[in-house]
Amino acid sequence: NWTSQEFQQYVEWLATTLDELVEGKSESELEDLKELFLKIAKYEYLFWEMAVKEEEWPV
22 NWTSQEFQQY VEWLATTLDE LVEGKSESEL EDLKELFLKI AKYEYLFWEM
72 AVKEEEWPV
């Protein structure tokens, strides 16, 4: 459940873990990670959009 206390705790854990993992990274590395995240988010969106529309995965 997206609104449960457990899910909120999981999201907080993810945020803390990500902060720890990127600590000390250069601006260049952070920019690369940002671009990677945006690419992943785009494919995630496209996947679920395809599923909702009952389309074939075009990749």
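The opening residue of the sequence shown carries number 22 in my numbering; numbering runs sequentially from there.
Cβ atoms here follow ideal geometry from the backbone N, Cα and C, with glycine treated the same way.
Can you tell me the Cβ-Cβ gap for residue i and residue j, rounded? I've got them flagged as a contact below 8 Å.
| i | j | result |
| --- | --- | --- |
| V43 | L51 | 6 Å |
Please classify residue i: does DSSP put it in a helix, a strand, or coil?
| i | result |
| --- | --- |
| S25 | coil |
| K46 | coil |
| E77 | coil |
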